[in-house]
């Protein structure tokens, strides 16, 4: 595929006026008050600027906007729900292209078990549409009520069900993408097998809008769960949690849907700051595991199976206590404990976030080494570790020492980012497990990414976007 190099830029003002006329009043925002939500990221670390927010109504309008921007060399920043955590959707000039109006279901095929949706659909709405058809779209994360599926795919979102269903890229059969020159690549195919050369969709999944704008996708659907079991388990150590994971996998197979680890401090913060949250155990424990099983077979004895596994683990001293949910309300309370951790950290002051992964077997080693490194660097720092231990992804968050100055603590973000990333990469892991690169992790790309891999990424970027208008300054770092 060749992309023409644009020889000269047209004046920006006429191009912007043409775009404004193209999208109409519903598709154009330039009032400073209305722009504000599009200029800041979720955690407030980055604040941007832009000329306008453009909200095209369909793929043809997206393509026309891109053509105008390419001709005038106007940077474009694609933006979905703006729930990203690494500054990938924060503009630095140019225009923001919001997918909010691309929010239609184009097709739902129960026989093929696929749903074709536009990029601006909210993730929870995709889940609901699948459920109404008696099926399941399994991608699940804390922001699912506001994040949009195009952003989920562009960032290769993870979430709590990766141990069973994989990341976002594993749930995609086909894509429709507007390329940086304004052409539309129609790769909306529902094929499970298509061995005809390069799998082009994988270029755009996880590219954070630097290679093109995803406008629609064909997504895989799965049987709807008809039996579930949820348990909160106390374990003495991360090593015990990994041993328990192996036992659950051996006994339960692919009905294991989530396996989440939480340190004591994370649970304590939730009990302290979130209404209705209580520790279900009489005595505190150093580590907690949330286990969730699901099956499409209504009669599957998941609770009984979980009781057997946990009973054996108790006898082996892998587990010190356990509570199995007896109804949906109890299960929801257990999930509230896990999902409320980021919210519960806020009243404790500044929080430095780390999203890393290591091989599952090395999670205990990572937690020990990273905890030792950060505590040596700042006495009194409080480690709030939790995450998707079933796939090796740990959110190694750091709360400020008590009575410390919040701003002074947050000014140490880069130093602690490097300490934690050094440990993770030294164990064969990644400095970004599911949040992406954006602006936050660009220095880490230079420091840890294989130089040959970086050269390949630059080559792909230059081939598809030779003038560099697509989300400039994100992901791909200069040589």
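Residue numbers (the numbering used here): 17 to 495.
For each residue, glycine too, the CB sits at the ideal point set by N, CA and C.
Residue j and residue i - do their beta-carbons sit closer together than 7 Å?
i           : j           : result
residue 97  : residue 167 : yes
residue 347 : residue 246 : yes
residue 410 : residue 436 : no
residue 443 : residue 354 : no
residue 91  : residue 104 : no
residue 412 : residue 386 : yes
In or out: residue i buried (at least 16 other Cβ within 10 Å) or exposed?
i           : result
residue 95  : buried
residue 17  : Residue confidence for residue 17 is low, a pLDDT of 38 falling below 50, so the modelled location carries little weight; the figure read from the coordinates is stated next. So residue 17 ends up on the exposed side.
residue 21  : Low confidence applies to residue 21: its pLDDT is 38, below 50, so where it sits in the model is not reliable enough to give any reading.
residue 340 : buried
residue 478 : exposed
residue 440 : buried
residue 9   : Given that the chain is displayed from residue 17 to residue 495, the structure contains no residue 9 and the question cannot be resolved.
residue 120 : exposed
residue 472 : exposed
residue 483 : buried
residue 214 : exposed
residue 64  : buried
residue 423 : exposed
residue 196 : buried
residue 342 : exposed
Tell me the rounded alpha-carbon separation between residue i and residue j.
i           : j           : result
residue 176 : residue 159 : 12 Å
residue 249 : residue 262 : 15 Å
residue 88  : residue 115 : 21 Å
residue 315 : residue 243 : 7 Å
residue 391 : residue 306 : 27 Å
residue 237 : residue 146 : 7 Å
residue 23  : residue 86  : Note that residue 23 has pLDDT 39, beneath the 50 cutoff, so the model's placement of it is unreliable and no number is given.
residue 465 : residue 58  : 26 Å
residue 37  : residue 49  : 21 Å
residue 492 : residue 486 : 11 Å
residue 338 : residue 123 : 44 Å
residue 225 : residue 367 : 28 Å
residue 331 : residue 324 : 11 Å
residue 438 : residue 287 : 32 Å
residue 140 : residue 161 : 5 Å
residue 19  : residue 264 : Bear in mind that the predicted position of residue 19 carries a pLDDT of just 38, short of 50, making it unreliable; the figure below should be weighed with that in mind. So the two alpha carbons sit approximately 50 Å from each other.
residue 446 : residue 363 : 29 Å
residue 129 : residue 209 : 14 Å
residue 183 : residue 222 : 10 Å
residue 231 : residue 43  : 16 Å
Tell me which residue opens and which closes the beta strand (DSSP E) that residue i is part of.
i           : result
residue 94  : 92-95
residue 411 : 409-415
residue 472 : Counting along the chain, residue 472 falls outside any beta strand (DSSP E), though it belongs to the alpha helix (DSSP H) covering 467-480.
residue 122 : 121-125
residue 70  : 68-70
residue 291 : That residue, residue 291, is in no beta strand (DSSP E); it is neither H nor E in DSSP.
residue 350 : Residue 350 -> not in any beta strand (DSSP E); alpha helix (DSSP H) instead, spanning 344-355.
residue 278 : 272-279
residue 338 : 337-340
residue 248 : 243-251
If you reduce the DSSP assignment to three classes, tell me which class residue i lands in.
i           : result
residue 285 : helix
residue 22  : Because residue 22 sits at a pLDDT of 38, beneath the cut-off of 50, its placement in the model cannot be relied upon, and the following sentence gives the value as read from the coordinates. Three-state DSSP puts residue 22 in coil, outside helix and strand.
residue 394 : coil
residue 115 : coil
residue 404 : strand
residue 197 : coil
residue 234 : strand
residue 75  : helix
residue 33  : helix
residue 485 : coil
residue 377 : helix
residue 57  : coil
residue 387 : helix
residue 433 : helix
residue 188 : strand
residue 371 : strand
residue 38  : helix
residue 81  : helix
residue 210 : coil
Starting from residue i and walking both ways along the alpha helix (DSSP H), at which residues does that stretch end?
i           : result
residue 308 : Careful: residue 308 lies outside any alpha helix (DSSP H), inside the beta strand (DSSP E) at 303-311.
residue 178 : 178-181
residue 496 : In the structure as shown, the chain begins at 17 and stops at 495. Residue 496 is therefore absent and cannot be evaluated.
residue 424 : 422-426
residue 266 : 254-268
residue 49  : 48-51
residue 325 : 318-331
residue 219 : 217-220
residue 134 : Element bounds for residue 134: not the alpha helix (DSSP H) but the beta strand (DSSP E), 130-134.
residue 464 : 458-464
Would you say residue i lies against chain B (beta-carbon separation less than 7 Å)?
i          : result
residue 36 : Considering every chain present, this structure includes no chain B. It has just one protein chain.
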